[in-house]
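1 is the number of the first residue of the sequence shown in the UniProt record's numbering; add one for each residue after it. The structure appears below as structure tokens.
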Amino acid sequence: MIAEAEKYLKEYFGYVQFRRGQKNIIEKVFEKQRVLGVMPTGGGKSLCYQIPSLLLDGLTVVISPLISLMKDQVDEINEAGIPATYINSSLTYEETEQCMKDLQNGEYRLLYLAPERLEHQAFLHKIKKVPISLIAIDEAHCLSQWGHDFRPSYLTIPRFLDFAGRNISVLALTATATPQVSADISRALSISEDNVILTGFKRENLTFSVIKGQDRDSYLTDYIKKHREQAGIVYAATRKEVERLHHKFTNENIKAEKYHGGMTAENRAVGQERFVYDESNVMVATTAFGMGINKSNVRFVLHAQMPRNIESYYQEAGRAGRDGSESDCILFFSPKDIHTHQYLIEQSRLDEPRKEMEYNKLRQMVNYCHTEDCLQNYILKYFGEEPKDTCGTCLHCTDDRSLKDATTEAQMVFSCVKRMRERYGKTLVSQVLTGSSNQKLRQLRLDTLSTYGLLKDQSQKQVNEFIDFLLAHQYLQLIEGAYPVLKLTNRALHVLKGKQKVKKKETLKAKNVDKENPLFEELRKERAVIAKQQGIAPYMVFSDRTLLDICAYLPADKT
Ligand code: ADP
Ligand code: MG
Ligand code: ZN
């Protein structure tokens, strides 16, 4: 049967060979197995049920959450010559009735179905009369509470599988399954471990970058102007931001469309069409745009704001380069975005464990923006892969600045965090280290203040960025609560003990301006007085017993 599948691949779709995973999945479908296929966005998941639908005896039912796109999807398949139809809430009663009759007469190979339909008794009664060979579940991560897009209506699917009977192949498909989500899906659908097919998440043709500290608008405009001949998507966090950027681009003579939930369906469709048929250069959109849109020559996906987690980011960025050609995925980072997401999570109706999970995902998204490791690998590791090589193309892989030793500076930060008893956040830690004149610091324990001003040649912003770097590389950890608090990890302890070095592309640049800071002066004096009283070296004065022997850099020279 697989030979015929290959023939159909050419005949119906015009492709010469299967992509990674497709053949394996299709074979298992023919063997009447239950399979979970995890392939990246653009990997070619649809083909894994479309081709079998032509070769199996009975109907192939595709459960998909993308109601608004079903018609387009079905039109496309019909065009390829596969008789297909769909049933969802957009059809009238009469249309649905007609469709059911046609199905019973065997007029279709493929039926697209909204999951809500599985709860309608009348529907179940009628579909029972149609022989089904395969049930495909697209966007299967919607089944998992741990996924980023949980849909309660998906929970009816296991019951539907029981109802449909034994002798039916089941194919669950998703692009965004972390090991936990994948385990969840397998459990719910009784898919055995051997039947989970991972093709790997790596997208060789995508080049990832994170841009920080540059003017967003001019970067975006310049980038798009340089790529006028290509198609790209600009994702923005809110409708307002979409409107603003769209207006800006249009003023700069860029051919841009827009797409967000506040527009009429008709206006959205017009813009989408112009973009898909290459009449426009860019689509400026909220995340509402893109799911199920089959445009393979998207050459760049730019994120004007940081998404709320890696799953969303990779799915959106993954819309670039579906045709396999080189494409750019560029993310703009601004600390403001973190607060927006925190606010949204806080305001959401999620229960506490779910909120905690969302915060955790957000933190990992932020770490992506601050890491200096290979960006593609960061994403792969997030999804539970152990990449062997670095991608060689991302921002960090192509950055030829050599690594510098930042161990001492890191030790200073860790010591400060430790002395503050791991009870304070980034702002206060960096204020202590830079010797801020903030009077609040006077309330801290004296011991803390022995790290006061250790990095006084740095701006608070620089120290904050350094802390972000240490967070991204898991030396530090941020414990969320009413106030997020910094804690040391084991890696940091190794560094403090001098057993591990910290390397960074750009170390903190000393500005060599001795700040005239009255508080700092006062503290130095205080420290000197106590030292004299106790008859010990000034740098020992505020040391913790536990850190006494490991903090060789203590500021003896500064007092
Ligand atoms: P996704 O995995 O994101 O659902 P799609 O099924 O939409 O991906 O497929 C993405 C693109 O790849 C489509 O344009 C599809 O026609 C194309 N494609 C799928 N399989 C192959 C193949 N074997 N050879 C070439 N192109 C393919
Ligand atoms: Mg798909
Ligand atoms: Zn890389």
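For each residue, glycine too, the CB sits at the ideal point set by N, CA and C.
In this structure, V284 and F249 form a Cβ contact; the two beta carbons are roughly 7 Å apart against a cut-off of 8 Å.
Between the ligand MG and K71, a heavy atom-to-CB distance of less than 6 Å is absent.
For Q272, same chain residues with a beta-carbon under 8 Å away, outside a window of 5 residues either side, are E257, Y259, M283, F289 and I293 in chain order.
Taking the CA atoms as reference points, L478 sits about 52 Å from N78. For C329, the uninterrupted beta strand (DSSP E) segment begins and ends at S327 to F333.
For I77, the enclosing alpha helix (DSSP H) begins and ends at I67 to A80. When the alpha-carbon of R109 is set against those of D72, P52 and Q98, the nearest one is in P52.
Selection K23, R419 and E6 evaluated against Y15 yields E6 as nearest (Cα-Cα).
When secondary structure is reduced to three states using DSSP, R19 falls in the coil class, being assigned neither helix nor strand. The C-beta of Y343 has fewer than 16 other C-beta atoms within 10 Å across all chains shown, which makes the residue exposed. The Cβ-Cβ distance between L454 and M420 does not fall below 7 Å. Looking at the backbone, the Cα of S348 and that of H339 are separated by about 14 Å. A straight line joining the alpha-carbon of A472 with that of Y368 spans about 7 Å. By a beta-carbon distance limit of 8 Å, V181 does not contact L36. Their separation comes to about 10 Å. Ranked by Cα distance from I310, the options E358, F275 and E279 are led by E358.
R216 and F332 do touch by the CB rule: their CB atoms are close to 5 Å apart, below 8 Å.
The continuous alpha helix (DSSP H) containing G271 extends over residues A265 to V276. If you compare the alpha carbons of A406, R151 and G498 with that of K504, the shortest gap goes to A406.
Going by C-alpha positions, A410 is about 58 Å away from K10. Straight across, the Cα-Cα distance linking Q98 with I87 is about 11 Å. Classified as buried, E139 has 16 or more neighbouring CB atoms from the shown chains inside 10 Å of its CB. When the alpha-carbon of R423 is set against those of A80, L476, N377 and Q22, the nearest one is in L476. When C-beta atoms of the stretch 38-46 are compared with those of the stretch 310-327, three or more pairs fall below 8 Å, so the two segments count as touching. Looking at the DSSP output, E257 bridges to M283.
Fully enclosed beta strand (DSSP E) runs of no fewer than 3 residues occupy 476-479 and 485-488 of the stretch 416-495, in order along the chain.
In this structure, L173 sits near K45, with a CB-CB distance shorter than 7 Å.
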